[in-house]
Amino acid sequence: MRRTKIKSLLDSGELNSEVLVKGWVRTKRGNKQVNFIALNDGSTINSIQVVANPEELGEDLLKLVTTGSCLSVTGKLVESQGSGQSKEIIAEKVEVLGTADAEKYPLQPKKHSFEFLRDIAHLRPRTNTFGAIFRIRHAMSFAVHQFFNEKGFYYWHTPFITGSDAEGAGEMFRVSTLDPKNPPLNEDGSIDYKQDFFGRETNLTVSGQLEGELGALALGDIYTFGPTFRAENSNTTRHLSEFWMIEPEMAFYDLTDNMDLAEEFLQYLVQYALDNCADDLVFLEKRLLDEEKNKPAAERSEMSLTDKLRFVVENKFERLTYEEAINILRNSKPNKKKKFQFPIEGWGTDLQSEHERYLVEKHFKKPVILTDYPKDIKAFYMRMNDDDRTVAAMDILFPGIGEIVGGSQREERLEVLTARMDEMDVPQEEMDWYLDTRRYGTAPHSGFGLGFERLMIFITGMGNIRDVIPFPRTPGNAAY
Ligand code: 4AD
Ligand code: MG
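In my numbering, the protein residues as written are 5 to 484.
Here it is, written out as structure tokens:
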């Protein structure tokens with residue numbers, strides 16, 4: 005007999021048919037006459053109830069059925085007698101594929117803290133919460149590809165190992181096969197990377213954007229979706245050292261086109277989750293409600309998880325310039341009462357996550373797109389505005405998160421670009437390939453980067469970015 009996934013049994017399994025299921029035991033309860041086993045195979049958050057008779061199947065066998073053990077069960081699918089589930093399986097044959105020592109199994113059927121579960125990240129996908137999160141993560145990845153495919157964008161693969169640090173987005177991880185104890189040296193004592201694997205110094209990429217631009221200026225519209233690596237020592241709930249980023253890059257788009265696409269993209273992804281991940285979202289929403297109950301009333305969120313998701317889909321994002329935002333922040337209560345950790349000094353200060361969240365959560369109460377940042381706090385490739393002091397940048401800020409998207413129109417004018425590179429000490433010789441796009445058939449173009457895990461925090465309502473990626477990498481942590 006062929007195995008059926010539990011999701012398909014619960015959705016459309018024919019009553020009174022013979023079925024074969026395989027999965028892991030979540031709980032077992034009952035008595036000498038009858039055992040109720042909740043079996044889960046990861047295909048859905050819902051477990052199927054297996055009803056097992058110890059006298060028929062063997063008491064010794066059923067003793068091996070403990071939380072975490074793996075079973076193969078053949079039996080009849082019937083309408084459930086009890087409440088809480090619509091269908092159950094009356095077991096005719098139970099095979100224990102893998103036992104799990106009840107004393108030692110770390111996932112006991114009770115509430116575990118997320119800190120504890122992070123330490124056993126190899127087992128946490130077996131919990132309801134993490135099962136839900138990782139199913140949604142899959143759905144969101146799929147939706148990313150579907151969105152761009154429908155729009156005629158090409159999935160463009162940019163290198164993970166790169167010889168350029170053009171982004172200047174953060175510290176990089178070096179990639180080298182030289183012997184760290186005895187590297188070849190130049191006469192001046194510096195390391196001779198010419199003898200390294202690639203004949204030059206190489207690092208893990210912080211962004212695929214610059215190589216993405218090369219694709220857009222040939223194929224029109226492209227997007228990247230891959231891991232990026234940043235060696236900054238940011239131990240926050242919003243930063244990973246290895247995170248996934250989606251970076252579309254579009255020829256002939258100006259900043260407004262860029263914002264329109266980013267807004268449509270985010271709304272599409274959220275709507276996709278609402279339409280396709282209902283069971284998992286309902287579970288996560290309940291989890292969040294329980295968590296909120298333990299908070300003081302003033303800190304509780306007024307909206308449930310799905311309310312928040314719907315709110316983003318139904319409301320246009322607020323668009324304003326950096327300068328307008330600075331004025332709002334300067335006159336804000338927390339600034340006047342010196343409640344911000346980083347007070348707003350005036351035009352030119354970089355915004356911290358506390359400022360971004362004030363704008364989104366307190367002032368506008370919806371997602372915000374900030375544009376036209378001072379050139380000095382943004383990357384060299386952003387297009388200079390006519391005022392000569394701001395660039396055509398845009399950041400999208402989300403409730404509970406702060407920056408979720410960063411992007412810009414790119415500087416397509418060769419002279420302006422090279423002047424900016426000189427000002428910001430970006431070496432032109434190493435970037436000749438990039439400058440060639442401006443030398444030959446340059447074109448206005450724009451793009452942005454969406455942090456995939458920041459999106460996942462928003463969709464799942466989780467409080468820590470380490471809990472929305474299967475194997476998080478953060479300073480001091482690289483297990484598995
Ligand atoms: O703002 P960032 O640094 O922009 C870029 O890398 C551009 N090259 C994007 C582009 O225009 N193509 O990063 C983009 C997004 C941020 O808005 C944030 O969502 C996410 O990537 N991000 C991180 N996510 C998790 N951990 C980190 N350490 C992150 N750093 C940035
Ligand atoms: Mg940014």
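Quick reminder that beta carbons are idealized off the backbone N, C-alpha and C, glycines included.
What did DSSP end up calling residue i once you bin it into helix, strand or coil?
i	result
residue 112	coil
residue 126	coil
residue 291	helix
residue 50	coil
residue 80	strand
residue 420	helix
residue 132	helix
residue 301	helix
residue 97	strand
residue 349	coil
residue 254	strand
residue 323	strand
residue 67	helix
residue 469	helix
residue 366	helix
residue 372	strand
residue 405	coil
Looking at the strands, I want to know which residues DSSP matches up with residue i.
i	result
residue 281	Answer by DSSP bridge pairing: none, since residue 281 is not bridged.
residue 28	44, 74
residue 487	An answer regarding residue 487 cannot be provided, because it is not within the stretch 5 to 484 covered by the chain.
residue 272	Note: residue 272 sits in no beta bridge, so no partner.
residue 455	249
residue 2	Outside the shown range of the chain, which is 5 to 484, sits residue 2, and nothing can be said about it.
residue 39	34, 56
residue 378	394
residue 463	Paired residues: none, contrary to the question.
residue 410	399, 453
residue 244	DSSP output for residue 244 lists no bridge partner at all.
residue 233	246
residue 22	80
residue 478	481
residue 102	74
residue 189	195
residue 178	207
residue 263	Residue 263 is not bridged to any residue.
residue 92	53, 82
What does the alpha-carbon distance come out to for the pair residue i and residue j?
i	j	result
residue 467	residue 474	15 Å
residue 274	residue 5	39 Å
residue 411	residue 268	15 Å
residue 230	residue 214	14 Å
residue 226	residue 72	44 Å
residue 55	residue 400	51 Å
residue 344	residue 359	8 Å
residue 305	residue 53	35 Å
residue 167	residue 207	6 Å
residue 101	residue 181	43 Å
residue 186	residue 176	22 Å
residue 39	residue 107	20 Å
residue 365	residue 334	16 Å
residue 238	residue 244	8 Å
residue 142	residue 299	31 Å
residue 253	residue 372	21 Å
residue 188	residue 132	52 Å
residue 315	residue 309	10 Å
residue 85	residue 91	8 Å
residue 484	residue 74	23 Å
residue 472	residue 46	17 Å
residue 388	residue 445	19 Å
residue 463	residue 9	26 Å
residue 221	residue 433	21 Å
residue 318	residue 415	33 Å
residue 70	residue 294	27 Å
residue 342	residue 362	14 Å
What residue range is occupied by the uninterrupted beta strand (DSSP E) comprising residue i?
i	result
residue 219	Unbroken run through residue 219 is the alpha helix (DSSP H), 213-223; no beta strand (DSSP E).
residue 441	Per DSSP, residue 441 belongs to no beta strand (DSSP E); it is in the alpha helix (DSSP H), 436-443.
residue 392	Note, residue 392: premise wrong, no beta strand (DSSP E); not H, not E.
residue 10	Note, residue 10: premise wrong, no beta strand (DSSP E); alpha helix (DSSP H) at 10-16.
residue 339	First-last for residue 339: 337-340, but that is the alpha helix (DSSP H), not the beta strand (DSSP E).
Got a sec: does ligand 3 put a non-hydrogen atom nearer than 6 Å to the Cβ of residue i?
i	result
residue 244	You won't find ligand 3 in this model; what it holds is ligand 1 and ligand 2.
Can you tell me where the alpha helix (DSSP H) with residue i in it begins and where it stops?
i	result
residue 329	326-334
residue 310	309-318
residue 208	Segment 206-208 is the beta strand (DSSP E) holding residue 208; no alpha helix (DSSP H) there.
residue 357	357-361
Is the shortest distance between the beta-carbon of residue i and the beta-carbons of chain D less than 7 Å?
i	result
residue 370	Of the chains in the structure shown, none is chain D; there is only one protein chain.
Exercise answer, beta-carbon shell around ligand 2 heavy atoms below 7 Å: Those satisfying the condition are, in chain order, 399, 407, 410.
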